[in-house]
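S.K.: The structure is given below, and queries will be raised subsequently.
Numbering (this note's numbering), first residue to last: 25 to 271.
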């Protein structure tokens, strides 16, 4: 069945969103509304106290001066765009495995927003253990057909399970491992991905300031992160919002 698919991300105007848009157009009608700048780790933050501006940057791709959740809201509620049957978020450079990204990632935050408004969603992320700023470099996206083929395989598993108040988190291994990657539905998520590191410095006037960062923690066996980072597989985790608070 041909669907209308809306796309967003948290990295902004990157090669990853072009690849995802091209893939989505193979499934139906598609367009993208993405943040006008990099907005990682903003979760479901929204812009409520200042105006936002929307620009078309190329055919079917628009930038919005807001967050990923704002972009998802525009796709679902703005009369200028067709209401989507499903929202895709990504392709994120770097995985979003584990509980930390589930509640902190802007990529996944867009899916929380969509699912809250009865639109099923899928977050796509690509594992990389190098080049944390890699989303900006076109050469890092040099295997688009492998990436689209992997997303297609994941989508075949996900599509029959789409329903309101739920979304899926798809974490793919690095592109060179995609061809032989198995697809696994994982119910166990990495509990803690990063150590919280706080570095204190002084400015030229002797006043303290702080950098907040993170250090890698050991991979927990049998988790979504284990499958992607250790085994080179594609991990799919279903988040059912209706079951979050059941005992």
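Don't be surprised by glycine CBs; every beta carbon is placed ideally from N, CA and C.
For residue 114 and residue 131, which I take to be in contact (beta-carbon distance under 8 Å), what is that distance rounded to the nearest angstrom?
M.R.: 6 Å
S.K.: Does DSSP classify residue 237 as helix, strand or coil?
M.R.: DSSP places residue 237 in strand when its eight states are reduced to three.
S.K.: Thinking C-alpha only, which one of 256, 58 and 80 is nearest residue 35?
M.R.: For residue 35, the closest of 256, 58 and 80 by C-alpha to C-alpha distance is 58.
S.K.: Would you report the Cα separation of residue 255 and residue 168, rounded to the nearest angstrom?
M.R.: 21 Å
S.K.: Taking the alpha-carbon of residue 174 as reference, which of 189, 203 and 190 has the nearest alpha-carbon?
M.R.: 203
S.K.: For residue 217, which option in 191, 253, 232 and 50 has the closest C-alpha, if you only look at C-alpha atoms?
M.R.: 253
S.K.: For the region 29–65, which segments carrying the beta strand (DSSP E) assignment without a break, of at least 3 residues, lie completely within its bounds, in sequence order?
M.R.: 52–59
S.K.: Alpha carbon to alpha carbon, how far is residue 148 from residue 230?
M.R.: 44 Å
S.K.: For residue 189, which of helix, strand or coil comes out of DSSP?
M.R.: coil
S.K.: Measuring only the C-alpha atoms, how far is residue 95 from residue 50?
M.R.: Cα to Cα, the separation comes out at about 22 Å.
S.K.: If the criterion is Cβ atoms closer than 8 Å, does the pair residue 92 and residue 100 meet it?
M.R.: no
S.K.: If you run the structure through DSSP and keep just helix, strand and coil, what is residue 105?
M.R.: Residue 105: coil per DSSP, three-state reduction.
S.K.: Span of the alpha helix (DSSP H) holding residue 140?
M.R.: 130–140
S.K.: Smallest Cα separation from residue 112: which of 119, 55, 145 and 124?
M.R.: 145
S.K.: Is DSSP giving residue 202 helix, strand or coil here?
M.R.: coil
S.K.: Residues in its own chain within less than 7 Å of residue 52 by CB, not counting five upstream and five downstream?
M.R.: 26, 27, 28 and 29
S.K.: On the three-state DSSP scale, how would you describe residue 229?
M.R.: DSSP, read as helix, strand or coil, puts residue 229 in coil.
S.K.: Do residue 118 and residue 67 come within 8 Å of each other at the CB atom, strictly closer than that value?
M.R.: no
S.K.: Considering only the alpha carbon of each residue, which of 239, 54, 210 and 206 lies closest to residue 219?
M.R.: 239
S.K.: Buried or exposed for residue 72, please, with buried defined as at least 16 other CB atoms from any protein chain shown within 10 angstroms of its CB.
M.R.: exposed
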